[in-house]
Amino acid sequence: MTREEAEEVDMDEDVRVIRAGFLNDWGYAVQSWDAHILGEEGELMARVSEGTEVVVLVSTATVPWFAYCADGRLVCSFDPGTPLGRYGDEPDRFLAAMERSGVLVDSPDEEHQPVAAMLRMAEAEFGLALPVEDIVRGELLAGQVV
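For the sequence shown, the working numbering gives the first residue as 76, with consecutive numbering after it.
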């Protein structure tokens, strides 16, 4: 799908478009209008992670989420707003990183920003960063997920 075709897709339709690129040693996919392909369909992320690893960061108006899959299995997954409800094969794998970044706090207050803390954790733990200019205006691979 070309950039022009991606821009013409009617987002009111039940259409899932992802854009993808590479930065440093990581490939990334961005889904701007809907988080389901990245967050709710954990089976897809587990399959994508076979022989490698996948970090999923979801930040929508209603659903923030972190998931880490490796070698075809869900290792750890949680909502940064309620991080005590972790699950996966190793739900406590990132406890120290969660504490360092501020995801896991004893008593959150109104200044606590769980999504920002989740992003800090991903950046520190995995060296992840996204090229904002490329995501906003760049020529990235794009495709419709059906």
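Note that the Cβ used here is the ideal one computed from N, Cα and C, for glycine as well. Fair warning: this is a prediction, and the values are worked out from it, not measured in the lab.
Asked, Found
"Quick check on the DSSP output: the alpha helix (DSSP H) that includes Phe201 runs from which residue to which?", "Pro189 to Phe201"
"Please name the residue in Trp140, Glu165, Pro158 and Asp164 whose C-alpha comes closest to that of Gly177.", "Pro158"
"Name the residue from Tyr143, Gln188 and Val123 whose alpha carbon lies nearest to the alpha carbon of Arg168.", "Tyr143"
"Kindly identify the DSSP beta-bridge partner or partners of Glu128.", "Ala145"
"Which of helix, strand or coil does DSSP assign to Arg91?", "strand"
"Going by Cα to Cα distance, which pick from Met196, Gly147, Val180 and Pro166 is closest to Leu132?", "Met196"
"Grab me the residues of Ala199's own chain with a C-beta within less than 8 Å of its C-beta, minus the 5 sequence neighbours each way, in chain order.", "Ala172, Arg175 and Ser176"
"Tell me the DSSP secondary structure of Val65 in three-state form.", "The chain is shown from 76 up to 221; residue 65 falls before or after that span and cannot be answered."
"How far does the beta strand (DSSP E) with Ala217 in it reach, from first residue to last?", "Leu216 to Val220"
"Count the other CB atoms within 10 Å of the CB of Arg161; is the residue buried (16 or more) or exposed (fewer)?", "buried"
"Would DSSP call Leu205 helix, strand or coil?", "coil"
"State the CB to CB distance for the pair Gly96 and Asp209, rounded to an integer number of angstroms; the pair is presumed to be in contact (CB under 8 Å).", "6 Å"
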